[in-house]
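Visitor: Please find one structure pasted underneath; my questions will follow.
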Amino acid sequence: MPECESTQALLDPAMPEWAVATTDHQTAGRGRLGRRWVDAPGSSVLVSVLLKPPAGRNPAELTLVAGLAVAEVVERALSRAAQIKWPNDVLVDGRKVSGGLADLRDGAVVLGIGVNVNQSVLPETRLPAASLRTFDGRVRKIPPLLDDLLITLRSRYDVWRDRGLAALHGEIAARDVLRGRRVTVGGKTGIAVGIRPDGRLELDSGVVDSGEVTF
Ligand code: BTN
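Numbering (the numbering used here), first residue to last: 1 to 215.
Quick look at the structure:
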């Protein structure tokens, strides 16, 4: 659809798993922790998918699964490395190109992903932002990137569902931008040892389940 408030609001747990909502523009796009997610019309991948993880899987891990899928799509598109910033961002050269959001609803998860593709100027944000275009000047069509993302996400999700996050840990850890850095999260400061196979972030001063990391 050309425009909506937020693709997160278009999905309902009564729909089948893998129901997808996408749009060219959100008028009230949502980020994590009550923040806004702002896009210029036609400039971004804006997508939500409905997932129904089995009991025994921790849905909070899905932003890392999504982050891995986005990182792979961005790497293919740009031919350069992408990093995962625990728990939900994808960066290139230290600048955020994508964020993910997992909303729990009646045992289902609405997983939302925004990827900055064609913006030439990004709004000022806490973490410096970028689009694929700001790296190589290319304007891209959104649908092929969306297709690649959905196919990649599905294959990564299937591994996670069947074998758990530990089966994806090597690929996630290889892109962990926080490892070795001094970070602050949830009042704890320390050197990040890295993302653990259970999805938590290990610092030399303890382990954190969730939160907003500054580094
Ligand atoms: C974040 O980095 O804080 C998460 C951003 C998530 C943005 C996506 S865009 C598609 C979906 N719809 C929304 O309103 N938010 C997510």
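Just so you know, even glycine gets a beta-carbon here, dropped at the ideal spot from N, CA and C.
Considering only heavy atoms of ligand 1, does any lie closer than 7 Å to the CB of S6?
Guide: Looking up residue 6 in the sequence shown gives position 6. Correct: S6 has its Cβ closer than 7 Å to ligand 1.
Visitor: Examine ligand 1 and report whether any of its heavy atoms sits within less than 7 Å of the Cβ of R163.
Guide: Here residue 163 corresponds to residue number 163 of the sequence shown, with the count starting at 1. R163: no, Cβ never under 7 Å from ligand 1.
Visitor: With DSSP as the reference, please indicate the residues paired to G43 in a beta bridge.
Guide: Reading the sequence shown from its first residue, position 43 is the one you call residue 43. The sequence given here places Ser at residue 43; Gly does not occur at that position. None; S43 has no bridge partner.
Visitor: Does the contact criterion of 3 or more C-beta pairs under 8 Å hold for the region 138-146 versus the region 33-53?
Guide: yes
Visitor: For the beta strand (DSSP E) holding T189, just list the boundary residues, first then last.
Guide: Counting from 1 along the sequence shown, the entry for residue 189 is found at position 189. T189 -> beta strand (DSSP E) spans K188 to I195.
Visitor: Could you check whether the Cβ of Q83 sits closer than 7 Å to any heavy atom belonging to ligand 1?
Guide: By one-based count along the sequence shown, residue 83 stands at place 83. Q83 Cβ: outside cutoff for every heavy atom of ligand 1.
Visitor: Tell me the residue span of the alpha helix (DSSP H) that contains L127.
Guide: Mapped onto the sequence shown, residue 127 falls at position 127. Element bounds for L127: n/a, residue is neither H nor E.
Visitor: Between the region 50-58 and the region 26-40, do three or more beta carbon pairs fall short of 8 Å?
Guide: no
Visitor: Note the first and the last residue of the continuous alpha helix (DSSP H) segment covering G67.
Guide: For the purposes of this step, residue 67 is taken as the residue at position 67 of the sequence shown. Where G67 is concerned, the enclosing alpha helix (DSSP H) stretches over L62 to L78.
Visitor: Helix or strand or just coil, what does DSSP make of A166?
Guide: If you number the sequence shown from 1, residue 166 lands on position 166. Three-state result, A166: helix.
Visitor: Going along the chain, which residues of its own chain have a beta-carbon closer than 7 Å to the beta-carbon of D220, five neighbours each way excluded?
Guide: Given a span of 1 to 215 for the chain in the structure shown, any question on residue 220 remains unanswerable.
Visitor: What are the boundary residues of the beta strand (DSSP E) that includes R105?
Guide: Counting from one through the sequence shown, the residue named residue 105 turns up at place 105. R105 -> beta strand (DSSP E) spans R95 to R105.
Visitor: Count the other CB atoms, across all protein chains shown, that sit within 10 Å of the CB of W18; report buried if there are 16 or more and exposed otherwise.
Guide: Reading the sequence shown from its first residue, position 18 is the one you call residue 18. Result: exposed.
Visitor: Is L149 near ligand 1, judged by its Cβ being under 7 Å from some heavy atom?
Guide: The sequence position of residue 149 within the sequence shown is 149, counting from 1. The answer is no for L149.
Visitor: Whose C-alpha, out of S6, D162 and A108, is nearest the C-alpha of G114?
Guide: Sequence index remark: in the sequence shown, residue 114 carries index 114 (1-based). Closest by alpha carbon: S6.
Visitor: Using three-state DSSP, classify V286 as helix, strand or coil.
Guide: Coverage of the chain is limited to positions 1 through 215, which leaves residue 286 absent and any answer about it impossible.
Visitor: In the DSSP output, what is R182 paired with across the bridge?
Guide: On the sequence shown, position 182 is the one that residue 182 refers to. In DSSP, R182 forms a bridge with I191.
Visitor: So with Cβ pairs under 8 Å, would you call L68 a contact of chain D?
Guide: No chain D is present in this structure, which holds just one protein chain.
Visitor: Verify the contact flag: N118, CB atom, against every heavy atom of ligand 1, threshold strictly below 7 Å.
Guide: Counted from its first residue, the sequence shown places residue 118 at position 118. No - ligand 1 has no heavy atom lying nearer than 7 Å to the Cβ of N118.
Visitor: Checking 8 Å against the spacing of the C-beta atoms, do R140 and V109 come in under that value?
Guide: If you number the sequence shown from 1, residue 140 lands on position 140. If you number the sequence shown from 1, residue 109 lands on position 109. Going by C-beta atoms, R140 is not nearer than 8 Å to V109.
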